[in-house]
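This report refers to the structure that appears directly beneath it.
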DNA sequence: GAAAGGATACCTACCGGTTGGTATCTTTAT
DNA sequence: ATAAAGATACCAACCGGTAGGTATCCTTTC
């Protein structure tokens, strides 16, 4: 607020701050409780300033979600690049990336975010399209039924990460990680 | 509106209609977009009438969620009662019940469950407690790691049910069902 | 058995508060 | 100087919830 005048103006930085704060707030109190005013306050900007960067609240949410998908996609890409085994390569990366999203057994804020965003049909489409595109790309190496189970289990893990905020549902995460990784390897 | 006067008053029926309409609306446009007015309209009742049946919006949501959990629990119980094999009995029922929730058209109740859980920490607790209770009850038959994977895959399937509204992510559902069922049986 | 009378079910109308969004002015950087 | 960046003040719409009235049902009483 007060620093906004002293510090040199860096619109890119403010925009990033808005995105990050929105992600954090949405993770904390759900996407339903996300308000423009709260995001603006958290980023040290007034509501008017907010609307200078984003034409609408939905535009912000879309941007945050696109950010999250891009980050996840990057992680998957990196994991795949370092994987010599062709069979199940994408699935293995998908599963491992999901595991990395969690911190100390709990779901990372980004996970909570992406899950709450599935409430929005339009954002669901964004995710669906990403997934379908990647799947079509790796159809030859990742079409096996057992790999589908592994991917679904990763999704389930993502969901369970939310519940583990309240209590521990999964006993041994490392064992599960190894078990799932083994599931993606050729027999 | 006009029929409300001629038709015999059946509060139980109206209450049920409110619950069902709330579940349907929540499935269609997310729990965030759920409004008391919309629920009342869909059930053929005014907003004032709504508040006669439920003291608050949260009370309605809680009731809907409890309803869904109870229904799912009943399905699991029935499936377990008809299963002679002790090993993985609960997991098998859990997986099969998830598949059955998925089959009824576009708006699966399990979809709403996950959405509600994400939105409200208190509802997450309700689900956690149910799951933990059942797991403790069947710890001897369902503690195997492979069974955990099967349950997680079921959760993931539930999540994917959301996405299937927009596009088909899962190729062969029946094959997946068989594969997952086989996973829960002793080797 | 039917009128009385209380309880239940439901509606109309409204209120306080919040939210997304806008119009307008001021400050900063180049 | 001028265009971007941001502040201030404000609005229209909506949402959950309340107040108070009316119709309908179910007993009770004679």
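Residue numbers (the UniProt record's numbering), protein chains in the order written: chain A, 1 to 187; chain B, 1 to 187.
We put the beta carbon where it would ideally sit given N, CA and C, even for glycine.
- The region 16 to 32 of chain B and the region 50 to 65 of chain B touch, with no fewer than 3 CB-CB distances between them shorter than 8 Å.
- Using beta-carbon distances, residue 61 of chain A does not count as an interface residue toward chain B, since no partner is under 9 Å.
- Counting along the chain, residue 144 of chain A sits inside no alpha helix (DSSP H), nor does DSSP assign it H or E at all.
- Contact with chain B is found for residue 131 of chain A, since one of that chain's Cβ atoms lies less than 9 Å from the residue's Cβ.
- The C-beta of residue 76 of chain A has 16 or more other C-beta atoms within 10 Å across all chains shown, which makes the residue buried.
- Residue 69 of chain A is outside the set of residues whose beta carbon lies under 9 Å from a beta carbon in chain B.
- For chain B, the residues of the region 114 to 125 of chain A that bring a beta carbon within less than 8 Å of one of its beta carbons are 115, 116, 118, 119, 120, 121, 124, 125, in chain order.
- Of all residues in the region 142 to 158 of chain A, the ones placed with a Cβ closer than 9 Å to any Cβ belonging to chain B are 143, 145, 146, 148, 149, 150, 151, 152, 153, 154, 155, 156, 157, 158, in chain order.
- Straight across, the Cα-Cα distance linking residue 57 of chain A with residue 78 of chain B is about 46 Å.
- The beta carbon of residue 67 of chain B is closer than 7 Å to those of 19 in its chain, skipping five residues each way along the sequence.
- In this structure residue 138 of chain A is buried. Its beta-carbon is surrounded by 16 or more other beta-carbon atoms within 10 angstroms.
- Contact with chain A is found for residue 128 of chain B, since one of that chain's Cβ atoms lies less than 9 Å from the residue's Cβ.
- Contacts with chain A at 9 Å (Cβ-Cβ) include residue 29 of chain B.
- In the displayed model, residue 187 of chain A falls within coil according to three-state DSSP, outside both helix and strand.
- Residues of the same chain with a CB within less than 8 Å of the CB of residue 69 of chain B, apart from the 5 flanking positions on each side, are 113, 126, 127, 130 in chain order.
- In terms of beta-carbon proximity, residue 172 of chain A lines the interface with chain B, with at least one pair separated by less than 9 Å.
- By the criterion of a C-beta distance shorter than 6 Å, residue 119 of chain B is surrounded in its chain by 31, once the five residues flanking it on both sides are discounted.
- For the C-beta of residue 175 of chain B, the chain A residues within less than 8 Å are, from N- to C-terminus, 145.
- The beta carbon of residue 162 of chain B lies closer than 6 Å to those of 111 in the same chain, with the five residues before and after it left out.
- Per DSSP, residue 177 of chain B has no beta bridge partner at all.
- Residue 118 of chain A carries a coil assignment under DSSP once its states are collapsed to helix, strand and coil.
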